[in-house]
Amino acid sequence: MDLTTDSLLLTLALNHRLRSTLPPDELTSAFLDDDRDVPLIVSDEVFDSVVPTGLLLFAATAAAAGITHARLALHHPSLPHTTPPVDRTARTMVGRHTAPVVLHRGDEQAAIALIGAEANVEIIACAPTVFRPVTVGSAPEALRRLRLLVMEGLRLVETIDVPEDWRQGPWRDWQEELSTMHPISRLIPTEADSRAIYAALDIHHRMRTVLAPATVAPPEFGALLSQLHPAAADYIMAVATMKG
18 MDLTTDSLLL TLALNHRLRS TLPPDELTSA FLDDDRDVPL IVSDEVFDSV
68 VPTGLLLFAA TAAAAGITHA RLALHHPSLP HTTPPVDRTA RTMVGRHTAP
118 VVLHRGDEQA AIALIGAEAN VEIIACAPTV FRPVTVGSAP EALRRLRLLV
168 MEGLRLVETI DVPEDWRQGP WRDWQEELST MHPISRLIPT EADSRAIYAA
218 LDIHHRMRTV LAPATVAPPE FGALLSQLHP AAADYIMAVA TMKG
């Protein structure tokens with residue numbers, strides 16, 4: 018889950034700087050106070066940054082080049098989220114990353130950022146293509162849907178025979194949005210998001226090995242999982258893009 022969390026935080030940090038919604042010192046403190054490394058750009062194929070370069074300086078460079086926002090793309094066979102085409106030499110690296118960050122000029126996809134060990138970030142060139150969202154909705158809308166599905170999941174695990182690992186899952190914690198407040202919560206746009214985002218990340222993490230959720234028995238539970246994972250991913254992405 019941590020690489021996905023790192024990508025989420027990178028997306029939020031970039032969006033805060035691109036939109037001037039969080040002062041630079043608060044942004045870096047959010048990482049440092051949680052004992053996390055502030056992302057460092059170590060290679061840049063797109064914006065000609067002098068690398069290595071810090072996150073704040075890179076965000077300013079990207080803004081000067083017309084970048085308007087960053088988008089988180091969660092890679093999983095059961096999710097429709099995509100990244101723009103890249104050169105053949107970069108396809109494997111981008112394809113294997115669990116959560117690439119796509120940099121946009123409005124609707125146009127302009128570059129991909131991949132965060133790795135020690136918060137090192139590589140900026141990868143991509144084909145300048147228009148992004149057409151598969152799902153549309155604000156963070157509150159996505160959260161309402163996720164809550165309803167978690168409530169339905171809790172009902173199912175208490176009334177029908179489901180796989181033991183799912184029966185023992187933290188359904189009540191997800192429902193109650195029980196999560197510790199971390200310093201990184203300062204990066205998350207609203208109080209409601211900060212309480213729920215960790216539950217959504219946990220759901221996404223638990224679904225990583227379920228390649229075809231609809232095939233999980235019994236069918237009623239498989240149908241629930243096939244909706245639960247996209248709902249969690251939609252919420253994570255809505256929060257990352259700061260929609261609503």
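At position 225 of the sequence shown the residue is numbered 242 (my numbering), and the sequence of numbers has no breaks. For every residue, glycine included, the Cβ atom is placed at its ideal position computed from N, Cα and C. These numbers come from a predicted model, not from an experiment.
> Among the residues of its own chain, which have a CB less than 8 Å from the CB of GLU234, if the five just before and after it don't count?
Replying inline: Contrary to the premise, residue 234 reads as Ala rather than Glu in this sequence. For ALA234, where only same-chain residues beyond five positions count, the Cβ hits under 8 Å are PRO180.
> So VAL67 is in the alpha helix (DSSP H); what residue range does that whole segment cover?
Replying inline: Segment: none, VAL67 is in no alpha helix (DSSP H) and carries neither H nor E.
> ILE84 and ALA127 look like a contact to me (Cβ under 8 Å); what is the Cβ gap, rounded to whole Å?
Replying inline: 6 Å
> SER60 and VAL118 look like a contact to me (Cβ under 8 Å); what is the Cβ gap, rounded to whole Å?
Replying inline: Incorrect: roughly 14 Å between the Cβ atoms, too far for contact.
> SER60 bridges to which residues according to DSSP?
Replying inline: GLU139
>> Using C-beta distances below 7 Å, list every residue in its chain close to THR197, excluding the 5 sequence neighbours before and after it, in chain order.
In response: Below a pLDDT of 50, predicted positions are generally treated as unreliable, and THR197, at 48, falls in that range; no measurement from the model is reported.
> Is the segment 29-41 close to the segment 62-78, with three or more CB pairs under 8 Å?
Replying inline: yes
>> So for ALA249, helix, strand or coil by DSSP?
In response: helix
> Is the segment 130-149 touching the segment 107-118 in the sense that three or more CB pairs, one from each, lie closer than 8 Å?
Replying inline: yes
> If we ignore side chains and look at the alpha-carbon of each, how far apart do VAL167 and LEU131 end up?
Replying inline: 31 Å
> If you follow the beta strand (DSSP E) that ARG88 is part of, which residue opens it and which one closes it?
Replying inline: 86-89
> Would you report the Cα separation of LEU20 and ILE58, rounded to the nearest angstrom?
Replying inline: 16 Å
> Taking the C-alpha atoms as reference points, what is the distance between ALA216 and ARG88?
Replying inline: 20 Å
> Which one of ALA250, ARG36, ARG212, HIS221 has the shortest CA to CA distance from GLY186?
Replying inline: HIS221
> Which whole-angstrom value describes the C-beta separation of HIS114 and HIS92, a residue pair presumed to lie in contact below a C-beta threshold of 8 Å?
Replying inline: 7 Å
> Under the rule that 16 or more other beta-carbon atoms within 10 Å means buried, what is ARG189, buried or exposed?
Replying inline: exposed
> Thinking C-alpha only, which one of LEU173, ALA255, MET254, ALA213 is nearest GLY239?
Replying inline: LEU173
> Under a Cβ-count criterion, where at least 16 other Cβ atoms within 10 Å of its own Cβ denotes burial, should GLY123 be classed as buried or exposed?
Replying inline: exposed
> Can ALA255 and ALA159 be called in contact, C-beta distance under 8 Å?
Replying inline: yes
>> I'd like the span of the beta strand (DSSP E) that includes VAL119, first residue to last.
In response: 118-122
>> Following a CB-centred definition, is VAL118 positioned closer than 7 Å to any heavy atom of the ligand NAD?
In response: With respect to the ligand NAD, the structure offers nothing, as it holds no ligand at all.
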